[in-house]
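As structure tokens, the structure follows; a few thoughts come after it.
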């Protein structure tokens, strides 16, 4: 597989890139830090089973002007794209977002508006090559409005709805949309936060995501238990949700 990954220098994205190169896939990394990209590329080069060089390009979800040049560089370096994978995003607690409107605006813009714009660029590239997989990491937080994650969850709900609509619209043209919905994952983004039940590490989440990419599953929960948990939560009556703290 020839894949470009946005957000592969940390956390789940790094674990996913490592799993891909270990099995022989060719990857191209996008991220906002040139030094982080260089370090990650060197790491993947050592881990890979092939002779291909791991290419990189600067791409910042806060700067849409970087989207098309970065994807163009990846397309040229790889000679086409089989998959575009987006693990990048922002997280902040409900309290922090309520206290800082600038941070709230930034998070909503990055997680929804700019991610959608990036995906539109990626969609065009993939369809020009006859189709492929667009895999984007959303969150279980977007499945139902909940007190602890009102604002973050809203950004992920919008992203999940976009990916579903895109799947309906472009599936017949060969685009396979894969929405990954992790629960709480131990990464630098969640460091210091209280761990809820069923917390997971990045590596098993990445492997489950990779299986979903291979099978073009439209929606995948990671770990698997979250699919059952969110099925129950979606059916909890609204008057109950108002009373509970979950």
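Residue numbers (our numbering): 84 to 329.
Where a beta carbon is used, it is the ideal one built from N, C-alpha and C, also for glycine.
With contacts defined by Cβ atoms closer than 7 Å, residue 232 and residue 261 do not form a contacting pair. Taking 7 Å as the cut-off, the beta carbon of residue 206 is found no closer than this to the beta carbon of residue 221. According to the DSSP assignment, residue 89 belongs to the beta strand (DSSP E) that extends over 85-89. Cβ atoms of residue 210 and residue 258 come within 8 Å of each other, at about 6 Å. In this structure, residue 98 lies near residue 285, with their beta-carbon atoms less than 7 Å apart. Around the Cβ of residue 323, a 10 Å sphere holds fewer than 16 other Cβ atoms; the residue is exposed. Nearest to residue 270 by alpha-carbon distance, out of 174, 149, 84, is 174.
Beta-bridge partners of residue 108 (DSSP): none assigned. When only Cα atoms are considered, residue 123 and residue 236 end up about 29 Å apart. When the Cα atoms are used, residue 84 and residue 161 turn out to be separated by approximately 10 Å.
Residue 147 is a Cβ neighbour of residue 197, given a cutoff of 7 Å.
By the neighbour-count criterion, in which 16 or more other beta carbons inside 10 Å mark a residue as buried, residue 101 falls on the buried side.
In this structure, the alpha-carbon of residue 168 lies about 18 Å from that of residue 241. In the three-state reduction of the DSSP assignment, residue 116 falls in the coil class, being assigned neither a helical nor a strand state. Secondary structure note for residue 329: it is in no alpha helix (DSSP H), with a DSSP letter that is neither H nor E. For residue 167, the uninterrupted beta strand (DSSP E) run begins and ends at 166-169, by DSSP. In terms of Cβ geometry, residue 313 and residue 226 form a close pair [threshold 7 Å].
A direct Cα-to-Cα measurement between residue 180 and residue 272 gives close to 15 Å.
About 4 Å separates the Cβ atoms of residue 119 and residue 92, confirming a contact at the 8 Å cut-off. Pairing residue 88 with residue 94, the inter-Cα distance amounts to about 13 Å. Annotation for residue 200: 147, 150 place their beta carbon closer than 8 Å to its own, counting only its chain and skipping 5 residues before and after. Secondary structure of residue 142 (DSSP, three-state): coil.
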